[in-house]
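Here's the structure, in structure tokens; my notes come after.
Chains as they are written, first to last, in the working numbering: chain D, 2 to 345; chain U, 11 to 517.
Here it is as structure tokens:
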């Protein structure tokens, strides 16, 4: 046994999805840098973080749902609805305060999550179907009851604009102008830390893993599954509502009819690429974040390679298919090994 | 029997008019190894569920440690130290051994946070207590079924089990692993922990049990000391009738004719090596060996699901290429898989749909569309032929008993009119009466001229139903036993486990 240990450890590393993903990211980044040295600059990295932080937050939420063996596709709708209602409310109330904006938005996000969880835990409806329905209910109801008029930069309260421009670190370019690391980064780090602690160090988090592995066994252990499901879907709702605020602060424009379709695709692509199983129970937060990095680079930097932006859609689709195929091929190889002689 | 730990007093339970349990009483002493046997539908699972507090009996009492419970709840049963290990083991395949053992304890304590050092400590202590050594960090999905069982037992133990109930723990593990499991049970006994063990395999009942409770049609036939029972008597008490085995004879002279199937030097790296044998029409050939001996892998190769790297397969004297299950079916080879629930049946579809799925192409009519009349006729024909107990062919497969389900799978393959029929574990998880019925069907098929291969772990099954036996070990064909009736169980067992070095030349 002991003599086999060290090759086993190396093999473990080589079998890790994260390792290969990291490798691809490094190779891809080098390729872009060779064509366009502007890629590998601190400024471009800061830009990438500013523009991708929202997506990363959504991905973390989606990862948690996927881990539990469920799926939630309503989050882009939750994000946009929470955002639009919040912006309107802040204008109507005349209190230009970011904390209030977050409070309103979070309440909406958590409430929508609770609606999802209600149908999922009480009526045992498949999660995909529930969230497919609710995403249209949320969005449709908002268009009818709140309005459809877009809010442009001129009308947007200052708290959002200020949040979008705030940096936690400023650097000077050669010509003396400044650029910086967005405060979004701080929000993202916070979300990652909280999620990591929940998943790794709370019984709730471990039960989320267990649910994805064997739901029946969790029921038999006497754990309250209903409460866990409420937590999961409310948490995703909360993260989506945070993303909604980040989104409007970044683009300074809130359009009620705009559903973040591409965001849904990108988030799913990132999480799947990161090695999380669509069937639940396996995957890591690190993998998810690497997936986000990969998709963000693809999304924002193909132009630097001289390719038209249409290629972006093509590549993201390709990534989903490749990502899932690789994970499945790995599984099959493992299965074949275990079918073979398993003497010890 | 020292102190009585558990006493079941005249418990009854009816489901929709069916009396599942009728005034059943049972008592288990501390540290006692107790066996519960009975055919499918005799009320074993209902009884277990009553003891575990999952099902509330209509009448009767359950007394644990002297405390009388009229309405036992699951959580009370757990607090009193009753742990049920279901057949599926209820483990989390995607997390580590340590967490599987410890997580439920954190849940039970209503803890909010996980202390990883404690998770490992609980697991390590539990494993040490029953003197087992399993890597705490490996994922449960990478363990063998036998090791998973040990994990499940350890988990029960760390949750303060006084009585561990195991629902058919031996149905999916090899003989060696069964021995190991029994040694674990013996260690539990030394600690004063009682075991209630449910099994279909009679030989095991005698090996392990001190007291045997027999259920028949929801009634307890009685508690018997295992020493007072033998195979015949137990079978009689369970079924109410005597079942006789007569060995299957295949006339030697028929082996002078050309064989139907010939396998020459078949190899697949890591699976099996240089296997050659012949199979005659009308034969029942046993194929046995431990799990990992290559027997299932070889069978899958003949059915195209695990194509060999080298070697030849001849059917009716002509070399054939079998690279997929489609090829195999076209050539007239049928394969009844080991796991009928996941590989053999469309569990949520009707019996009829299950039966005709393999022959849809033959049931086309006008415009090459499926002909409902002919489909119905085929389906009902098989229902009658194999005496499948069901009100109609429209009944869903999941509602049938194990024995009847297996008959549906048999019908599905027989409808293809196979020339060679491979049956992998044809009676796993099937009770004694249905078992002998399935053996009769297999025998009748052989007599009709189908060449049959039966793969099984169960030595008595192999010896009773086959005329010739191949024993595989470590990927090689270890031994051919030309006349199954001439060898005893013990001898066969040592051949399989490789404990006998130089063949069978002692009889």
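Every residue, glycine too, gets a C-beta built ideally from N, C-alpha and C.
For chain U, is any of its Cβ atoms less than 9 Å away from the one on residue 208 of chain D? Output row for residue 208 of chain D: interface = yes.
Give the single residue among D:61, D:18, D:52 whose Cα lies nearest to the Cα of residue 195 of chain D. Nearest option by C-alpha distance: D:61.
Closer than 7 Å by beta-carbon distance: list the chain U residues that pair up with residue 218 of chain D, in chain order. For residue 218 of chain D, the chain U residues whose Cβ falls inside 7 Å of its Cβ are 100, 101, 102, in order along the chain.
Residues near residue 307 of chain U in its chain [Cβ-Cβ closer than 6 Å; skip 5 each side]: Within the same chain, and ignoring the five residues on either side of residue 307 of chain U in sequence, the residues whose Cβ sits closer than 6 Å to its Cβ are 281, 282, 316.
Return the chain-ordered list of same chain residues with a C-beta closer than 7 Å to the C-beta of residue 351 of chain U, the five sequence neighbours on each side being excluded. Cβ neighbours of residue 351 of chain U beyond the five flanking positions: 357.
Going along chain D in order, which residues have a C-beta closer than 7 Å to the C-beta of residue 113 of chain U? Neighbours of residue 113 of chain U on chain D, chain order: 207, 211.
Residue from D:240, D:128, D:157, D:147 whose Cα sits closest to the Cα of residue 191 of chain D: Checking every option, the nearest Cα to that of residue 191 of chain D belongs to D:240.
Terminal residues of the alpha helix (DSSP H) in which residue 164 of chain D lies: Annotation for residue 164 of chain D: the continuous alpha helix (DSSP H) segment containing it runs 159-166.
Secondary structure of residue 434 of chain U, DSSP reduced to three states: Residue state, collapsed to three classes: strand.
Is it the case that the Cβ atoms of residue 144 of chain D and residue 42 of chain D are separated by a distance below 9 Å? No. Outside cutoff.
Chain U contact for residue 201 of chain D (CB, 9 Å cutoff): Yes, because at least one Cβ of chain U sits closer than 9 Å to the Cβ of residue 201 of chain D.
Find the residues of chain D that neighbour residue 518 of chain U, judging by a C-beta separation of less than 8 Å, and give them in chain order. Residue 518 of chain U is absent from the model: chain U starts at 11 and stops at 517.
Roughly how many whole angstroms lie between the Cα atoms of residue 333 of chain U and residue 248 of chain D? Distance between the alpha carbons of residue 333 of chain U and residue 248 of chain D is about 54 Å.
Contacts around residue 422 of chain U, its chain only, beta-carbon distance under 7 Å, and the 5 residues preceding and following it disregarded: A distance below 7 Å between beta-carbons, with the five flanking residues on each side excluded, links residue 422 of chain U to the following residues of its chain, in chain order: 364, 365, 367, 368.
Output the distance between the C-alpha atoms of residue 55 of chain D and residue 102 of chain D, rounded to the nearest integer angstrom. If you take the alpha carbons of residue 55 of chain D and residue 102 of chain D, they lie about 16 Å apart.
Given a cut-off of 9 Å, decide if residue 310 of chain D and residue 303 of chain D are closer than it, judged by their beta-carbon atoms. Yes.
Please name the residue in D:227, D:333, D:92, D:265 whose C-alpha comes closest to that of residue 154 of chain D. It is D:92 whose Cα lies nearest to the Cα of residue 154 of chain D.
What span of residues does the beta strand (DSSP E) with residue 302 of chain U cover, start to end? First-last for residue 302 of chain U: undefined, no H or E at that position.
Might you give, ordered along the chain, the residues of its own chain that have their beta carbon closer than 6 Å to the beta carbon of residue 209 of chain D, omitting 5 neighbours on each side? Excluding residues within five positions, the ones whose Cβ falls inside 6 Å are 68, 69.
Please state whether the Cβ-Cβ distance between residue 222 of chain D and residue 49 of chain D is less than 9 Å. By the CB criterion at 9 Å, residue 222 of chain D and residue 49 of chain D fall outside the cutoff.
Just the chain D side, please: which residues come within less than 9 Å of residue 38 of chain U by C-beta, in chain order? The contact set of residue 38 of chain U on chain D, defined by CB atoms closer than 9 Å, is empty, because the minimum CB distance reaches about 22 Å.
Under 7 Å Cβ-Cβ, which residues of chain U neighbour residue 221 of chain D? Ordered by position in chain U, the residues that pass the 7 Å Cβ test against residue 221 of chain D are 100.
Hey, is residue 71 of chain D's beta-carbon within less than 9 Å of any beta-carbon in chain U? With a threshold of 9 Å between beta carbons, residue 71 of chain D makes no contact with chain U.
Under the assumption that residue 271 of chain D contacts residue 289 of chain D (Cβ atoms under 8 Å), give the Cβ distance between them as a whole number of angstroms. Beta-carbon to beta-carbon, residue 271 of chain D and residue 289 of chain D are separated by about 7 Å, close enough to satisfy the 8 Å threshold.
In or out: residue 124 of chain D buried (at least 16 other Cβ within 10 Å) or exposed? Classification of residue 124 of chain D: exposed, given that the 10 Å Cβ count is below 16.
Along the chain, where does the beta strand (DSSP E) containing residue 256 of chain U start, and where does it finish? First-last for residue 256 of chain U: undefined, no H or E at that position.
Would you kindly work out how many angstroms separate the C-alpha atoms of residue 505 of chain U and residue 336 of chain U, rounded to a whole number? Going from the Cα of residue 505 of chain U to the Cα of residue 336 of chain U covers about 35 Å.
Mind listing which residues of the region 275-291 of chain D have their C-beta closer than 7 Å to chain U's C-betas, in chain order? Of all residues in the region 275-291 of chain D, the ones placed with a Cβ closer than 7 Å to any Cβ belonging to chain U are 282, 283, in chain order.
Please classify residue 207 of chain U: is it buried, with 16 or more other beta-carbons within 10 angstroms of its beta-carbon, or exposed? Under this definition residue 207 of chain U is a buried residue.
According to DSSP, simplified to helix, strand and coil, what is residue 23 of chain U? Here residue 23 of chain U sits in strand by DSSP.
Exposure of residue 214 of chain U, with buried meaning 16 or more beta-carbon neighbours within 10 Å: So residue 214 of chain U counts as buried.
Assuming residue 182 of chain D is part of the beta strand (DSSP E), what are its boundary residues? Segment 179-183, the beta strand (DSSP E) holding residue 182 of chain D.
CB contact check: residue 122 of chain U to chain D, cutoff 9 Å: Judged by the 9 Å Cβ criterion, residue 122 of chain U is in contact with chain D.
Beta-carbon separation (whole angstroms), residue 274 of chain D vs residue 324 of chain D, contact threshold 8 Å: About 4 Å separates the beta carbons of residue 274 of chain D and residue 324 of chain D, which is inside the 8 Å limit, making them a contact pair.
Interface partners of residue 224 of chain D on chain U, CB under 7 Å: Residues of chain U with a Cβ closer than 7 Å to the Cβ of residue 224 of chain D are, in chain order, 117.
Ordered along the chain, which non-local residues of its own chain (more than five positions away) have a Cβ less than 6 Å from that of residue 211 of chain D? Scanning its chain for C-beta atoms nearer than 6 Å, with the 5 sequence neighbours on each side dropped, one finds around residue 211 of chain D the residues 219, in chain order.
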